[in-house]
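So the sequence shown is numbered by our numbering: it starts at 58 and just counts up by one. Cβ atoms here follow ideal geometry from the backbone N, Cα and C, with glycine treated the same way. Notes follow once the structure below has been shown.
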Amino acid sequence: MKKIKLLMGMGLILVMLLSACQGISVNIPGFSQPTATPTPQAGTDIELTSTPDVEVTSVATVEPVTSLTLWIPPEMDPESGTEAGQILGERLQLFSDLNGGLEVNVRVKDVSGTGGLLDALTATSEAAPEALPDLIALPRTDLETAALKGLIYPLDGLTEIPDDTDWFNFTQEMALLQGSTFGLPFAADAIVLTYRSASMEEIPATWTELLSGEISLAFPADSSDALLTLALYQAQGGLIQDNQRRPVLEAEPLTTVFELYQTGAQSEVLLPWLDQIQTLGQAWSAYREGQANMSITWVSNFLKELPADTTLAPLLPMATGTVSLGTGMSWALATPNEARQQLAVELAEFLVNPQFLASWTSAAGYLPTRPSSLDGWEDSALASVLGQIGTSSRLIPSNDIITSLGPLLREGTRQVLQGLMPPNQAAQTAVESLEE
């Protein structure tokens, strides 16, 4: 070894001597060819330059995704023993099988309140972001809140399904906020009319005819959302936002709605106890208990029970046609981990497949978010009515619009039903109160 080093050293010395005498450039394998350096003249300062540091970039190893976590409400629990839960569980197992045995973890949380889906999402994002779910099932109102707070992530660029034509208009809009898509809708609900089949052979064609009759109607007159009033007002052509997207009310169409309520109160189709009904669920309960023979309620209340003595119908038309208001639940992306986001979105796509939604919504008691899913319902007559309801529905206005308009419409409704104020005055009062 020492001999080899000695010979190499002598060789290098020889090369250097030859280069100095004859100006011969030498290329040494493995090194770049240096440029010739002029010999400095006597008395010339030599400027030394340091060799630049070489930055070594390390390539991060991306860990494979071996599990996904979902947060869902109790009614969707695969272990609840319900048909809908079983169908969802089987779908999740199929996704796991198609993805190499991927582990899909399901966490059940209340829909709302302390410890509910939105509350838990907020707390976890602050205290333990590593424990956030990949997907979370959120109602539209909570989806809006979560998106504005930055708790969920837009799906733009991750999926093309929201651009599909196989959505009801209101369900497609349900996933949008400020121009971005924040969810894939899987369950829808809408306001409908139900009536006891034995009480009438067919539903009247107009609200005036219905409210001038003799069959009592239950609806939440004391609701802070005032969704029925808002639906009828919009069906009459009333605007809820101005050009600057500020809440607005118009006196003329609102007067028409209040005149209908006055007609119903005078004919006793709308009874005094309605001012104690605050929700569409309470209106359904009053109907089921026999306090009224018609009700305004959520379509899901009807679908979950399918009472044999009850017929389902869309809301009756006003000046511009039939308008119902709809809402629902969507799968939202909650993980900030980009490596997990794509697989989570693939699972969400898998869970809004029209054929799957046909069986799951039928079992769960919801209006499908995709019209083609109704083709898979066994009861074709019911599916036809649900198609009409889905087509005529608009998305319930945003939280801030409901907060601004709902209490004013509720107060006007109560004033008219109790005979304390004529319809035109109640409408004008609501308009002026909003402008203050």
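Inset, instruction - Have a look at L363 and E493 and give me their C-alpha separation to the nearest angstrom. - result: As a first step, residue 363 is located in the sequence shown; it is residue number 306 there, counting from the start. As a first step, residue 493 is located in the sequence shown; it is residue number 436 there, counting from the start. About 46 Å.
Inset, instruction - Measure from the alpha carbon of D432 to the alpha carbon of each residue in G422, S449, F239, L414, then state which is nearest. - result: For the purposes of this step, residue 432 is identified with residue 375 of the sequence shown, where counting begins at 1. When each option's Cα is compared against that of D432, the closest is L414.
Legend entry - DSSP beta-bridge partners of A245: Stepping through the sequence shown from its first residue, residue 245 is reached at position 188. Answer is G385, L424, bridged to A245.
Legend entry - Cβ neighbours of P310 in the same chain (closer than 6 Å, five flanking residues each side left out): In the sequence shown, counting from the first residue as 1, residue 310 sits at position 253. So the list reads Y290, Q293, G294, G295, once near-sequence residues are dropped.
Inset, instruction - Could I get the ranges of all uninterrupted beta strand (DSSP E) runs contained in the region 197-255, with 3 residues as the minimum, in chain order? - result: 241-253
Legend entry - Spatial distance of L424 from L192 (CA atoms): Position 367 of the sequence shown, counted from the first residue, corresponds to residue 424. Position 135 of the sequence shown, counted from the first residue, corresponds to residue 192. For L424 and L192, the distance between alpha carbons rounds to 21 Å.
Inset, instruction - Measure the CB-CB distance between T286 and L466 and report whether it falls below 8 Å. - result: Reading the sequence shown from its first residue, position 229 is the one you call residue 286. Reading the sequence shown from its first residue, position 409 is the one you call residue 466. Closer than 8 Å, so yes.
Inset, instruction - Kindly indicate which three-state DSSP category S182 falls into: helix, strand or coil? - result: The residue you call residue 182 lines up with position 125 of the sequence shown. It is helical.
Inset, instruction - Count the other C-beta atoms from every protein chain shown that fall within 10 angstroms of the C-beta of S124, then say buried if there are 16 or more, exposed otherwise. - result: On the sequence shown, position 67 is the one that residue 124 refers to. So S124 counts as exposed.
Inset, instruction - Report yes or no: do three or more beta-carbon pairs, one from the region 400-408 and one from the region 469-476, lie closer than 8 Å? - result: no
Legend entry - 4-residue-minimum alpha helix (DSSP H) runs that sit fully inside the region 429-468, ordered along the chain: 437-449
Inset, instruction - Drop a sphere of 10 angstroms on the beta-carbon of L155, count the other beta-carbons inside from all chains shown, and report buried for 16 or more, exposed for fewer. - result: Translated into positions along the sequence shown, residue 155 becomes position 98. With fewer than 16 Cβ atoms within 10 Å of its Cβ, L155 is classed as exposed.
Inset, instruction - Note down, in chain order, each residue of its chain lying with its Cβ closer than 7 Å to the Cβ of Q98, except the 5 sequence neighbours on either side. - result: Here the question's residue 98 lines up with position 41 in the sequence shown. Only weak support is given to the placement of Q98: the predicted model assigns it a pLDDT of 42, under 50, and the value that follows is read from those uncertain coordinates. The answer is none, since no qualifying residue turns up.
Legend entry - Cβ shell of G321 (< 6 Å), same chain only, five flanking positions each side left out: Position 264 of the sequence shown holds residue 321. Within the same chain, G321 has close Cβ partners L268, L327.
Inset, instruction - May I have a chain-ordered list of the alpha helix (DSSP H) segments no shorter than 4 residues that lie completely inside the region 282-315? - result: The region 282-315 contains these whole alpha helix (DSSP H) runs: 284-292.
Legend entry - K206 burial status per 10 Å Cβ neighbour count (16 or more: buried): Counted from its first residue, the sequence shown places residue 206 at position 149. Flag for K206 reads exposed.
Inset, instruction - Kindly give me the distance between the Cβ atoms of L491 and P219, rounded to whole angstroms, as I take these residues to be in contact under 8 Å. - result: Taking the sequence shown and counting its residues from 1, the one referred to as residue 491 is at position 434. Taking the sequence shown and counting its residues from 1, the one referred to as residue 219 is at position 162. Contact flag wrong, Cβ pair sits at about 33 Å.
Inset, instruction - Drop a sphere of 10 angstroms on the beta-carbon of W128, count the other beta-carbons inside from all chains shown, and report buried for 16 or more, exposed for fewer. - result: For the purposes of this step, residue 128 is identified with residue 71 of the sequence shown, where counting begins at 1. Buried, because 16 or more other Cβ atoms sit within 10 Å of the Cβ of W128.
Legend entry - Burial state of A484, where buried means 16 or more other Cβ atoms lie within 10 Å: In the sequence shown, residue 484 corresponds to position 427, counting from 1. With 16 or more other Cβ atoms within 10 Å, it is buried.
Legend entry - Residue burial classification, P186 (beta-carbon count within 10 angstroms, cutoff 16): As a working mapping, residue 186 is identified with position 129 in the sequence shown. By the beta-carbon neighbour count (other beta carbons within 10 angstroms, threshold 16), P186 is exposed.
Inset, instruction - Would you decide whether Q333 is buried or exposed? Buried here means 16 or more other CB atoms lie within 10 Å of its CB. - result: In the sequence shown, the residue the question calls residue 333 occupies position 276. Counting Cβ neighbours within 10 Å, Q333 comes out exposed, since fewer than 16 surround it.
Inset, instruction - Over the uninterrupted alpha helix (DSSP H) stretch that includes N358, give me the two end residues. - result: Counted from its first residue, the sequence shown places residue 358 at position 301. Where N358 is concerned, the enclosing alpha helix (DSSP H) stretches over 356-362.
Inset, instruction - Tell me whether V163 sits in a helix, a strand or coil according to DSSP, three-state version. - result: Translated into the one-based positions of the sequence shown, residue 163 becomes position 106. In the structure shown, V163 sits in a strand (DSSP, three-state: E or B).
Legend entry - Same chain, Cβ closer than 7 Å to L145, five either side skipped, listed in chain order: In the sequence shown, counting from the first residue as 1, residue 145 sits at position 88. M133, P135, W417, listed in sequence order.
Inset, instruction - Would you kindly check if the distance between the Cβ of T251 and the Cβ of M375 is under 8 Å? - result: For this step, residue 375 is matched to residue 318 along the sequence shown. For this step, residue 251 is matched to residue 194 along the sequence shown. Their beta carbons are not under 8 Å apart, which means M375 does not touch T251 by this criterion.
Legend entry - N-terminal and C-terminal residue of the alpha helix (DSSP H) that T486 is part of: The residue given as residue 486 occupies position 429 in the sequence shown. Residues 480-492.
Legend entry - Per DSSP, cross-strand counterpart(s) of T392: For this step, residue 392 is matched to residue 335 along the sequence shown. For T392, which the question treats as bridged, DSSP gives no partner whatsoever.
Legend entry - Cβ separation of P371 and S419, assumed to be a contact under 8 Å, to the nearest whole Å: Working through the sequence shown from its first residue, we reach residue 371 at position 314. Working through the sequence shown from its first residue, we reach residue 419 at position 362. So it is not a contact: roughly 19 Å between Cβ atoms.
Legend entry - Distance between G270 and P242 (C-alpha atoms, nearest Å): As a first step, residue 242 must be located in the sequence shown, where it is residue number 185. As a first step, residue 270 must be located in the sequence shown, where it is residue number 213. Their backbone Cα atoms lie some 39 Å apart in a straight line.
Inset, instruction - Apply the 10 Å Cβ neighbour rule to A365 and answer buried if 16 or more other Cβ atoms are within range, or exposed otherwise. - result: Stepping through the sequence shown from its first residue, residue 365 is reached at position 308. Exposed.
Inset, instruction - Quick one: grab the DSSP three-state call for S269. - result: Position 212 of the sequence shown holds residue 269. The three-state reading of DSSP puts S269 in coil, since its state is none of H, G, I, E or B.
Inset, instruction - Go ahead and label L443 buried or exposed: buried means 16 or more other beta carbons lie within 10 angstroms of its beta carbon, across all protein chains shown. - result: Counted from its first residue, the sequence shown places residue 443 at position 386. Answer is buried; the Cβ neighbour count reaches 16.
Inset, instruction - May I ask you to report which of helix, strand or coil DSSP gives M257? - result: Taking the first residue of the sequence shown as 1, we reach residue 257 at position 200. Look at M257 here: in three-state DSSP terms it is coil, with no helix or strand label.
Inset, instruction - Give me the Cβ distance between L353 and F227, rounded to the nearest whole Å; I'm assuming they're in contact under 8 Å. - result: Counting from 1 along the sequence shown, the entry for residue 353 is found at position 296. Counting from 1 along the sequence shown, the entry for residue 227 is found at position 170. In the sequence as displayed, the identity of residue 353 is Ile instead of Leu. At roughly 18 Å, the Cβ-Cβ gap does not stay under 8 Å, so I353 and F227 are not in contact.
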